[in-house]
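Student: Residue numbering for the sequence shown is 0 to 83, as defined by numbering that gives the first Met the number 0.
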Amino acid sequence: MSKIEKRLKKLKDGNLLVWDQILPILKSYNLMVTEPASGGSHYKVFYEGCQRPLTVPVHSNRIKGCYAKDIATMIIECNPDEDE
0 MSKIEKRLKK
10 LKDGNLLVWD
20 QILPILKSYN
30 LMVTEPASGG
40 SHYKVFYEGC
50 QRPLTVPVHS
60 NRIKGCYAKD
70 IATMIIECNP
80 DEDE
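1. Near residue 78, what residues of its chain come up, given a Cβ to Cβ distance below 7 Å and the 5 sequence neighbours on each side ignored?
2. What first and last residue would you give for the alpha helix (DSSP H) that runs through residue 35?
3. Nearest to residue 40 by alpha carbon, out of 69, 4, 8, 18?
4. Do residue 25 and residue 46 have their beta-carbon atoms positioned less than 7 Å apart in this structure?
5. In whole angstroms, give me the CA-to-CA distance for residue 6 and residue 21.
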């Protein structure tokens, strides 16, 4: 199991909550991340052409567990081979 796969498993469990550790997972699965405009805290995470964007509030470089689970669900739904 690679480092990214281990992080995805933690993300599914709602345990990986540091935004800087989540960004490499998003990039490895080709998710797009739009930074907030004018100093806001809500990032938009989405796949090009796959469902609507997920809005993720990031405060003090951390996210809540429910958003971590939502990101993991999005990755699994748009990459069926990643379901374990």
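Every residue gets a Cβ at the ideal spot worked out from N, C-alpha and C, and that includes glycine.
Tutor: Once the coordinates are examined:
1. 28
2. From DSSP, residue 35 is part of no alpha helix (DSSP H); its letter is neither H nor E.
3. Relative to residue 40, the option among 69, 4, 8, 18 whose CA is nearest is 18.
4. no
5. 8 Å
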